[in-house]
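Asks: Counting in the numbering used here, the sequence shown runs from 43 upward without gaps.
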Amino acid sequence: MELHQLRYLVAVADHGSFTAAADELSVSQSGVSAQIAKLERELGHRLFDRSGRRVTPTAAGEAVLVHARAAGRAVQAVRTTADELAGLVRGHVSVGTVIGCTIPGYLQGFAEFRRDHPDVSVSVEEDNSDRLIADVDRGRLDVAVVAHGQQLPDRLTSWTLIREPLAVVVPAGHRWCDRNRVSLSELTEETVLSLPAGTGVRTALDATAAAEQVFVTPAVAAHSPEAVLSLTELGSGVGLLSPSMAAGRSGLCAIPIARSRRLALSLVRRADPSAAARVMTEVLARHLAGQ
43 MELHQLRYLV
53 AVADHGSFTA
63 AADELSVSQS
73 GVSAQIAKLE
83 RELGHRLFDR
93 SGRRVTPTAA
103 GEAVLVHARA
113 AGRAVQAVRT
123 TADELAGLVR
133 GHVSVGTVIG
143 CTIPGYLQGF
153 AEFRRDHPDV
163 SVSVEEDNSD
173 RLIADVDRGR
183 LDVAVVAHGQ
193 QLPDRLTSWT
203 LIREPLAVVV
213 PAGHRWCDRN
223 RVSLSELTEE
233 TVLSLPAGTG
243 VRTALDATAA
253 AEQVFVTPAV
263 AAHSPEAVLS
273 LTELGSGVGL
283 LSPSMAAGRS
293 GLCAIPIARS
303 RRLALSLVRR
313 ADPSAAARVM
323 TEVLARHLAG
333 Q
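#1: Which whole runs of the alpha helix (DSSP H) in the segment 233-263 are 4 residues long or more, in chain order?
#2: Nearest to THR250 by CA position, among ALA288, LYS80 and SER225, is which residue?
#3: Taking only the alpha-carbon atoms, compute the straight-line gap between ALA246 and LEU81 and give it to the nearest angstrom.
#4: So the beta strand (DSSP E) SER272 belongs to, where does it begin and stop?
#5: Hey, LEU305 and GLY191 are a contact pair by Cβ (cut 8 Å); roughly how many whole angstroms apart?
#6: What span of residues does the alpha helix (DSSP H) with ARG92 cover, start to end?
#7: Tell me the residue span of the beta strand (DSSP E) that contains GLU168.
#8: What are the boundary residues of the alpha helix (DSSP H) that includes ALA62?
#9: Please state whether the Cβ-Cβ distance between GLY142 and PRO267 is less than 9 Å.
#10: State the DSSP-derived secondary structure class of HIS57, mapped to helix, strand or coil.
#11: Would you kindly report the start and end of the unbroken alpha helix (DSSP H) that includes PRO285?
#12: If you count every other CB in all the chains shown that lies within 10 Å of the CB of MET43, and 16 or more means buried, which is it?
#13: On the three-state DSSP scale, how would you describe PRO146?
#14: By DSSP, does VAL280 sit in helix, in strand, or in coil?
#15: Which stretch, first to last residue, makes up the alpha helix (DSSP H) that contains SER72?
#16: How long is the line joining the alpha carbons of ARG182 and ARG132, rounded to whole angstroms?
#17: If you compare alpha carbons, which of ARG205, ARG88 and ARG115 is closest to VAL178?
#18: So, helix, strand or coil for THR139, using DSSP?
#19: I'd like to know whether the C-beta atoms of VAL234 and PRO195 end up nearer to each other than 9 Å.
#20: Taking its Cβ as the centre, do 16 or more other Cβ atoms sit within 10 Å of HIS329, making it buried, or is it exposed?
#21: Can you determine whether any heavy atom of the ligand MG sits closer than 8 Å to the C-beta of THR144, and answer yes or no?
#22: Do the segment 45-52 and the segment 63-77 touch if we need at least three Cβ pairs shorter than 8 Å?
#23: In the DSSP assignment, what residue or residues form a beta bridge with ALA319?
#24: Along the chain, where does the beta strand (DSSP E) containing CYS40 start, and where does it finish?
#25: Taking the straight line between their C-alpha atoms, what separation do you get for VAL188 and SER70?
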């Protein structure tokens with residue numbers, strides 16, 4: 043058994059595909075398949091069910107994965123300890139952000155880290171917050187900026203930067219602009235523009251709707267707040283975002299939703315960060331907190 047086989051095992055389990063795992067690992071698909079098959083022969087157990095469209099771990103595979111992930115964390119801890127003893131920041135950091143993230147603090151922190159640590163390679167992945175949180179939790183990402191309406195896993199280190207209600211966004215001059223609050227029930231007769239399932243906004247919307255027993259299904263689920271704001275300005279409907287997402291758009295008003303579930307913007311970091319990931323997190327947290 044070799045460490046790279048365990049790394050392949052984890053990648054296939056995370057992606058549900060030998061091809062996707064090979065892409066992430068920058069090796070051939072046949073190489074990944076061959077190493078997993080070799081590991082299965084050595085252990086005497088079939089580790090993956092390959093019969094469906096998605097490759098899934100067998101019961102034996104799930105049991106082995108627990109230890110394979112632990113082995114990966116142990117190897118990372120050895121590298122981190124060695125780097126910290128030498129005072130080095132090197133290696134690779136994988137960063138996740140919500141789709142279309144243009145938060146000034148994030149951009150400034152990212153630029154500072156790249157300037158001060160040119161020997162560290164950095165990759166950035168944009169996705170919905172639910173997937174970003176899961177990817178940090180399982181170690182695919184080192185750190186991520188996420189918007190969420192639910193409790194974060196206790197295993198992760200997190201910094202909550204903003205906590206605010208949902209807001210309805212309408213053009214300036216709209217009849218709601220002079221209001222302090224708008225109830226969710228008032229949106230049932232409107233064309234609502236929002237973000238897709240898996241985002242913090244939709245999680246907060248679903249939780250608020252369940253509590254109010256009023257269900258609002260957005261007519262348009264755009265992939266970024268900017269798209270929702272632009273469509274609202276063009277008269278396509280009313281936006282449902284958060285007040286901070288609409289900040290700086292002089293042609294729009296953002297009115298909080300009454301009794302809304304709070305939406306949080308947080309920085310989350312994996313439980314076993316490398317030295318480089320720890321520094322990246324510290325730089326991002328400093329800039330985001332200073333906004």
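We treat Cβ as the ideally placed atom computed from N, Cα and C, and that holds for glycine.
Replies: Result, derived from the coordinates:
#1: 242-254
#2: If you number the sequence shown from 1, residue 250 lands on position 208. Measuring from the Cα of THR250, the nearest candidate turns out to be SER225.
#3: The residue you call residue 246 lines up with position 204 of the sequence shown. The residue you call residue 81 lines up with position 39 of the sequence shown. Looking at the two C-alpha atoms, the distance is approximately 43 Å.
#4: Numbered from 1 along the sequence shown, position 230 holds the residue referred to as residue 272. Element bounds for SER272: not the beta strand (DSSP E) but the alpha helix (DSSP H), 267-275.
#5: For the purposes of this step, residue 305 is taken as residue 263 along the sequence shown, with counting starting at 1. For the purposes of this step, residue 191 is taken as residue 149 along the sequence shown, with counting starting at 1. Right, their Cβ atoms sit about 5 Å apart.
#6: Reading the sequence shown from its first residue, position 50 is the one you call residue 92. Counting along the chain, ARG92 falls outside any alpha helix (DSSP H), and DSSP gives it neither H nor E.
#7: Numbered from 1 along the sequence shown, position 126 holds the residue referred to as residue 168. 162-169 is the span of the beta strand (DSSP E), which, as asked, contains GLU168.
#8: As a working note, residue 62 is residue 20 in the sequence shown. Its alpha helix (DSSP H) spans residues 60-67.
#9: Sequence index remark: in the sequence shown, residue 142 carries index 100 (1-based). Sequence index remark: in the sequence shown, residue 267 carries index 225 (1-based). Their beta carbons are under 9 Å apart, which means GLY142 touches PRO267 by this criterion.
#10: Position 15 of the sequence shown, counted from the first residue, corresponds to residue 57. The answer is helix: DSSP assigns HIS57 an H, G or I state.
#11: Here residue 285 refers to the residue found at position 243 of the sequence shown. Here the alpha helix (DSSP H) through PRO285 covers 285-288.
#12: By 1-based counting over the sequence shown, the position of residue 43 is 1. Its Cβ having fewer than 16 others within 10 Å, MET43 is exposed.
#13: Along the sequence shown, one-based indexing puts residue 146 at 104. In this structure, PRO146 counts as helix in the three-state DSSP scheme.
#14: For the purposes of this step, residue 280 is taken as residue 238 along the sequence shown, with counting starting at 1. In this structure, VAL280 counts as strand in the three-state DSSP scheme.
#15: Here residue 72 is taken as the residue at index 30 of the sequence shown, counted from 1. Taken as a continuous stretch (DSSP letters only), the alpha helix (DSSP H) holding SER72 covers 71-85.
#16: Translated into positions along the sequence shown, residue 182 becomes position 140. Translated into positions along the sequence shown, residue 132 becomes position 90. Going from the Cα of ARG182 to the Cα of ARG132 covers about 18 Å.
#17: Within the sequence shown, the letter at position 136 stands for residue 178. Among ARG205, ARG88 and ARG115, the Cα nearest to that of VAL178 belongs to ARG115.
#18: Along the sequence shown, read from residue 1 onward, the residue named residue 139 stands at position 97. In the structure shown, THR139 sits in a strand (DSSP, three-state: E or B).
#19: One-based indexing of the sequence shown puts residue 234 at position 192. One-based indexing of the sequence shown puts residue 195 at position 153. Cβ atoms of VAL234 and PRO195: not closer than 9 Å.
#20: To locate residue 329, count along the sequence shown from 1; it is residue 287. HIS329 comes out buried.
#21: In the structure shown, the ligand MG is absent, as is every other ligand, since no ligand is present at all.
#22: yes
#23: Counting from 1 along the sequence shown, the entry for residue 319 is found at position 277. Its beta-bridge partners do not exist; DSSP assigns none.
#24: Residue numbering for the chain in the displayed model covers 43 to 333; residue 40 lies beyond these limits and cannot be assessed.
#25: Reading the sequence shown from its first residue, position 146 is the one you call residue 188. Reading the sequence shown from its first residue, position 28 is the one you call residue 70. Roughly 32 Å separates the two Cα atoms.
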